[in-house]
Every structure is written in structure tokens, then in C-alpha cells.
Amino acid sequence: MMVEIQYLCADCKKEMTANVGQSIIDLKLRWYLSCICKSCNTAIEMDDFGFPPDEIRQKILNQEGEWKLKINSLELKNKAKIIKVLRYALNLSIKDTSKLLKKFPYVANGTKVEMLWLKELLINQNIRASIEKQ
Ligand SMILES: [Zn+2]
């Protein structure tokens, strides 16, 4: 999934169009940005694991909309397992994780790929979950 954003060339300071996106590799969240400046030919390639910088993430959200992670209602008995997965994935404190669970069955929201990633992590632990557009 790719989104186009306007990005300022670090060399010539002109605006260029960059492709940004997120993907999931081996149950890890990854993001990337790539573009070639039409004015000075500078090529930029960035990618990293984890969440993208806020500015980029916001642009993905603006274009794709916000998505929600829904835990199957039959999984309420597996709360401890769900807490463990979400806490580790999102790097949360126990307190923040239990706040998420108060919103059960909708326990997280973010970009489509982020929600797919959490869903995959949960399914990997045999917890049934799905994603929905906000
Ligand atoms: Zn340039």
C-alpha cells in the first residue's frame, strides 16, 4: 500500500512527490519513503522498522482513513494474552494497555497496515481479530 506525499528536497529545497508506505515483514511493522527529485535528481530512500515519523504517519492516515482493530468477542477470556501482545507491540505500560482493553472489542486504531500488523500478531497467538475502517 503506497501513498504519495509532498516532500521537500534536502538538496535543492524544491517540493517533490515521495511514495510512502508501511508493510509487515516477519510480523514486524516497517515503513518506507522513496523519491527522486525532478529538479536535481537527488534520490532519497528511507526505511525503518516500527512506526513512521508522525508527519508521515499523519499523511498516510489522511489518505487511507483510520482503521480499528476488533477482537472477536469470544476472546474476552484471553484478556491476559491480548494484553501481552498489545503491550509488547505498542511498547505500552500495563496501565495504558488496560486502558485499551476498556474499549473492548475495539482495542486499537491507526493506519490500515498497523491494524493488520496487530491482527497478525494476535492471530499468531491464536486470538481471533479483524480490522474495520473507522
Ligand atoms: Zn532536489
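Per my numbering, residue 317 is the first one in the sequence shown, and the count goes up by one each step. Even for Gly, the Cβ is constructed at its ideal location relative to N, Cα and C.
Nearest in C-alpha terms to N394, of all of W347, D342, Q322 and N442, is N442. In the three-state scheme derived from DSSP, where H, G and I count as helix and E and B as strand, R444 is classed as coil. Those residues whose C-beta sits under 7 Å from the nearest heavy atom of ligand 1 are, from N- to C-terminal order along the chain, C325, D327, C328, K330, M332, C353, S355, C356 and T358. As computed with DSSP, M318 is found in a beta bridge with G337.
Counted as a single uninterrupted DSSP element, the stretch harbouring A326 is not any beta strand (DSSP E), since DSSP gives it neither H nor E. Using a 10 angstroms sphere on the CB of I341, the tally of other CB atoms stays under 16, which defines it as exposed. Nearest Cα to Q322 within the set W347, D412 and C353: C353.
Looking at the backbone, the Cα of L432 and that of S409 are separated by about 22 Å. Taking all protein chains shown into account, A334 has 16 or more neighbouring C-beta atoms within 10 Å of its C-beta and is therefore buried. When DSSP reads this structure, S389 sits in no beta bridge, so it has no partner. Following the DSSP letters along the chain, one finds D370 inside the alpha helix (DSSP H) bounded by residues D370 to E380. Taking the C-beta atoms as reference points, A405 is found no nearer than 9 Å to T358.
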